[in-house]
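Numbering-wise, the working numbering comes out as the position in the first sequence, counting from 1, plus 121. Even glycine gets a Cβ: it sits at the ideal position worked out from N, Cα and C. None of the values given here were measured: they were computed from a predicted structure. Read through the structure below, which is laid out as structure tokens, and then see the notes.
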Amino acid sequence: MNIKTEIINEIAEITNMDAAVIAEAVETPPNHDMGDLALPCFKLARELKKAPPAIAADIAGRFGKPAFISEVKAVGGYLNFFYDRGFYINHMMERLIAAGKDWGKSDMGAGKTVVIDYSSINIAKPFHIGHLSSTAIGGALYKIYKYLGYNAVGVNHLGDWGTQFGKLIAAYKLWGDDSSINEHPMDAMLKLYVRFHSEAKENEALNDEGRAWFKKIEDGDEEALRIFGWFSELTLREARRIYGLLDISFDSYAGESFYNDKLAAVIGELKAKNLLTESEGAYVVRLEEYGLPPAIIVKSDGATLYMTRDIAAAEYRHVTYGFHKNLYVVAYQQNLHFRQLFAVLEKMGKGYAKDCEHIAFGMVSLEDGTLSTREGKVLLLEDVLNKAVERTIEIIDEKNPDIEDKAAIARDIGVGAVIYSTLSQSRIKDITFSFDRVLNFDGETGPYVQYTHTRCASVLRRAGERSGSADYSALGNDEAVAVLKLLEEFPETLAAAIDKNEPFYVTRNITALAQAFNKYYYEHKIIDDDIEKTNARLALTSAVRDVIKRGLT
RNA sequence: GUGCCAGUAGCUCAGCUGGAUAGAGCGUUUGGCUACGGACCAAAAGGCCGGGAGUUCGAAUCUUCUCUGGCACACCA
């Protein structure tokens, strides 16, 4: 059973209303002395044709008092329920212990596939902090969907097609040096790219050369493909190392070039459906009825575009995975692009168009301006991670020098701090990257939460193996109940996180849990001579530890 | 110019399908280590919720106008 559901059902019965409507309406009061659960009756007023205070009083009068309720009080238009504390604690502890490490796990997504397109790095370009948001948000969603029973498919839609690669090869042929590329591949490739752009400003012929090399890639020229393949391999090797650090994984690396042989079919289908119009030499799909500018499908020189590839990719994902949802974790700059893409899919009569969603997030900029790969103004993600790990080592040396596995712990905490910083606020907010902020380990931060986890683990280790029953009356205090309330919310938080595709909901819940537990920890001794009470407190500690761990990974 | 997004404490952000006294963290000031890990805990100060008008019993939340900032607007991705 579940206390909340019981209450909702009983209210539904009394008022003769739909339980789902009541479930929508109930809320947690802002203050403890207003009870544990509240029903604002204002919304019911119309339906029941009575004044809110009268409704509240009426329900309060007719509510049969089960054992888990200590009081039902009508206050103005609100109906406040007070749980019986002893009952609530027993009830929650039973649920938590039964679930064990799987608290919050669900099969709500059974049989449903969610394709998540995230990270999507570019070949031969550095993995910089601009990629962190997509990688972290997408990776977190991937894990949450999986935990809730969905079949999640992580796709790294590699940027591995376009004239830029012709330019890169041209630059390599002119100035490239194999040994330096092998030694520091990303750095060397970036240098070639930057040099090409700065010299091309003076020398227009270079651009022609770049285009010529790209044409060779398209035509399958052996040398061009060999060099390009080499660059791809180097980029992916470097990227995989970073994904390893971040604990991020993908099921598919099908990038833009993967769709080359599927574009003719897309264009054919658009033509067959009479959606393609010629305009200034190019072929476009008009989208006036959506209030959008036309989407260019084929350039006037006959070449295809990003849009063409994305249509092919959506169709491919539909056919291959039969998705329930198809998510694109891409910065909000591409808002218009995705609105156009979804509109085109809809015009093509693709039923799955409504299941596609752009999971937009804000820009990352540096304190002194925007990132720019062309100008070589980048902050490498790996450098940021390394700096965070170094900072962690400094703190460990200062506070806890005797710890074992220092390097591994520092890596977990340092990397965790960086990930936490992007998952701690709603996606859409722009971020001005600041080392001061990322490397601050106090307060609402990754290290704080991890510290709490370690604290729990440490207490449990110290307590050793215990047996015997538990006396939950030991948890009869405000601090313990506050912890239980947050644990109770965890499953709903996970569901809300995928509903809105906002992983920070989970981060926020876990952070609040850590705060509540730290307060509890400070106010109450966990291990004492009373074995049964200690067992109860340890069980709570263990639940906190497991949920934090779940939330963090 | 048009469209989309954001604007809440000195800073970074919650709260937004209208609801009870607008909440955290950082920073500042102050107090707490003979405790199971002080990367902790507690207290204080700090707000015309960008501004105006409207809808409502009730607006940070909805509508509208306006200001500021960001992004995007046909052959880049």
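So, at 8 Å on beta carbons, what are the nonlocal neighbours of residue i in its own chain, with the 5 sequence-adjacent residues on each side left out?
| i | result |
| --- | --- |
| Ser421 | Glu401, Gly402 and Ala403 |
| Ala578 | Arg666 |
| Phe189 | Ile124, Glu127, Tyr204, Asp205, Phe208, Tyr209 and His212 |
| Leu560 | Lys508, Ala509, Arg512 and Ala538 |
Answer with buried or exposed for residue i, where buried requires no fewer than 16 other C-beta atoms within 10 angstroms of its C-beta.
| i | result |
| --- | --- |
| Arg548 | buried |
| Ala509 | buried |
| Met229 | exposed |
| Asn454 | Going by the sequence as given, residue 454 is Gln instead of Asn. So Gln454 counts as exposed. |
| Glu623 | buried |
| Asp299 | exposed |
| Lys170 | exposed |
| Ser594 | exposed |
| Leu506 | buried |
| Ile647 | buried |
| Asp533 | buried |
| Asn456 | exposed |
| Ser542 | buried |
| His439 | buried |
| Glu134 | exposed |
| Arg583 | exposed |
| Lys446 | buried |
Taking 8 Å as the cut-off, decide whether the C-beta atoms of residue i and residue j are in contact.
| i | j | result |
| --- | --- | --- |
| Gly297 | Leu313 | yes |
| Leu289 | Ala219 | no |
| Ala166 | Glu148 | no |
| Glu609 | His645 | no |
| Val580 | Leu448 | no |
| Ser227 | Gly283 | no |
| Phe562 | Ile516 | yes |
| Gly483 | Lys550 | yes |
| Pro151 | Phe163 | no |
| Glu565 | Thr632 | yes |
| Arg558 | Leu596 | no |
| Ala637 | Ala603 | yes |
| Ile338 | Phe352 | no |
| Glu467 | Val387 | no |
With DSSP collapsed to three states, give me the class of residue i.
| i | result |
| --- | --- |
| Asp308 | helix |
| Lys446 | strand |
| Leu607 | helix |
| Lys267 | helix |
| Lys294 | helix |
| Ala416 | strand |
| Pro161 | strand |
| Lys471 | coil |
| Ser191 | strand |
| Ile552 | strand |
| Leu408 | coil |
| Asp238 | strand |
| Asp648 | Residue 648 is actually Ile in this sequence, not Asp. DSSP places Ile648 in coil when its eight states are reduced to three. |
| Ser542 | helix |
| His153 | helix |
| Ser594 | helix |
| Ser196 | One detail in the question is off: residue 196 reads as Val in this sequence, not Ser. It is a strand residue. |
| Gly275 | strand |
| Glu488 | coil |
| Ala635 | helix |
| Phe248 | coil |
| Ile524 | coil |
| Gly400 | A small fix is needed here, since residue 400 is Ser in this sequence, not Gly. Three-state DSSP puts Ser400 in a strand. |
| Thr425 | strand |
Once you ignore the five residues that flank residue i on each side, which residues in its own chain have a CB closer than 6 Å to its CB?
| i | result |
| --- | --- |
| Tyr263 | Ile237, Ala273 and Gly275 |
| Phe554 | Ile250, Val485 and Leu487 |
| Val193 | Ala181, Phe184 and Phe202 |
| Ile514 | Ala531 |
| Leu391 | Leu397 |
Cutting at 7 Å between CB atoms, please list the residues of its own chain near residue i, excluding the five before and the five after it.
| i | result |
| --- | --- |
| Thr256 | Tyr239, Ser240, Leu367 and Ile369 |
| Trp334 | Gly287, Ile290, Ala291 and Ala345 |
| Ala635 | Tyr569, Val570, Thr573 and Ile669 |
| Leu502 | Phe248, His249, Ile250, His252, Leu253 and Ile363 |
| Ala309 | Ser301 and Ile302 |
| Thr425 | Leu384 and Val419 |
| Ala177 | Cys162, Ala195, Gly198, Tyr199 and Leu200 |
Is the region 313-322 close to the region 374-381, with three or more CB pairs under 8 Å? no
Three or more C-beta pairs below 8 Å linking the region 427-437 and the region 455-468: yes
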